[in-house]
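Report on one structure; see the data block that follows.
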Ligand SMILES: C[S@@+](CC[C@H](N)C(=O)[O-])C[C@H]1O[C@@H](n2cnc3c(N)ncnc32)[C@H](O)[C@@H]1O
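In the working numbering, the protein residues as written are -17 to 257.
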């Protein structure tokens, strides 16, 4: 069985992924995001995020009559969307920068035709051009410079066949400033708990969320780890212009809540762009 899985699900290591320090963890890497969080991500956010995403995704696919044989989910996390897409098409590539999230994803998705690639938004290269590209649950907000966002959008466009669709969502300033805000939250999970301290910087438009996770080990002790998650918000016009500059011919932006018109209360924007 294990051998069969190894044949079906390949994890391709990116050739140009940059890591400042090794995985032993020092400096920035000591608080690298999506390490221990991978163990509790689905319970805390992944499962419910996927349900919301699927509803909007299905509506957009029906509205635009999107057909696809090959697809990619960039920043695929624990693989919910890859699992969903591979049940509807022949080949799906799941790309993510976190080896820990990819490990969870490769346990979840064992279907033939799925491939996981450890690469970043700004340097990923797919083995083939795809008909559909998704990037879900505010993953692009993790890019902290406008140049990197523009580069990622160019890569999205370059990875698609002409006529292919890109669907992704991003948090707005309203979400990062007022909902995440500056606060402390304690989350209970099955095998431990997590303390999340967030701080909004209005100048940089970055919310810095320090996660201190305590996960119960087999020996009864709690393992403590810290991760720093930073998300930045971008103007809607900048993102729409970036999509057009990247080569998308048709661009739409919706309030993720009900796929309505974007307004000042919008917390998450769902983008649809056609190459
Ligand atoms: C909020 S999670 C979303 C995961 C998944 N898309 C979902 O809907 O549950 C953000 C994901 O973005 C990934 N990520 C963050 N920065 C990245 C980068 N520069 N390149 C690729 N993936 C990145 C993280 O590893 C993590 O899996």
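Positions of the beta carbon are idealized from the N, C-alpha and C atoms, including for glycine.
As the structure is a prediction and not an experimental result, all values here were calculated from the model.
- Of all alpha-carbon atoms in 166, 158, 23 and 223, the one lying nearest the alpha-carbon of residue 197 is that of 23.
- Within its own chain, the residues whose Cβ lies closer than 6 Å to the Cβ of residue 108, once the five positions on either side in sequence are excluded, are 54, 75 and 141, listed in chain order.
- Straight-line spacing of the CA atoms in residue 249 and residue 157 works out to 5 Å.
- Checking the DSSP bridge columns, you'll see residue 54 partnered with 75 and 115.
- Pairing residue 131 with residue 204 gives a Cβ-Cβ distance that is not under 8 Å.
- Annotation for residue 66: the continuous alpha helix (DSSP H) segment containing it runs 62 to 68.
- In this structure, residue 235 sits near residue 222, with a CB-CB distance shorter than 8 Å.
- Within the DSSP secondary-structure output, residue 174 pairs in a beta bridge with 171 and 197.
- DSSP lists no beta-bridge partner residue for residue 22.
- Partner residues in the beta bridge of residue 153, as assigned by DSSP, are 250.
- Annotation for residue 95 indicates a beta carbon at 7 Å or more from all heavy atoms of ligand 1.
- Listed in chain order, the non-local C-beta contacts of residue 148 below 6 Å within the same chain comprise 115, 138 and 255, local neighbours out to five positions each way being set aside.
- The criterion of a C-beta distance shorter than 8 Å is satisfied by residue 231 and residue 257.
- Residue state for residue 107 is assigned as coil, using DSSP reduced to three classes.
- Assigned with DSSP and collapsed to three states, residue 206 falls in strand.
- For the pair residue 118 and residue 151, the CB atoms are nearer than the 8 Å cut-off.
- Apart from sequence neighbours up to five positions away, the residues of its chain that approach residue 177 with a beta-carbon distance below 6 Å are 168 and 194, ordered along the chain.
- The beta carbon of residue 225 sits closer than 6 Å to those of 135, 233 and 255, all from its chain and outside the five residues before and after it, given in chain order.
- The three-state secondary structure of residue 236, taken from DSSP, is strand.
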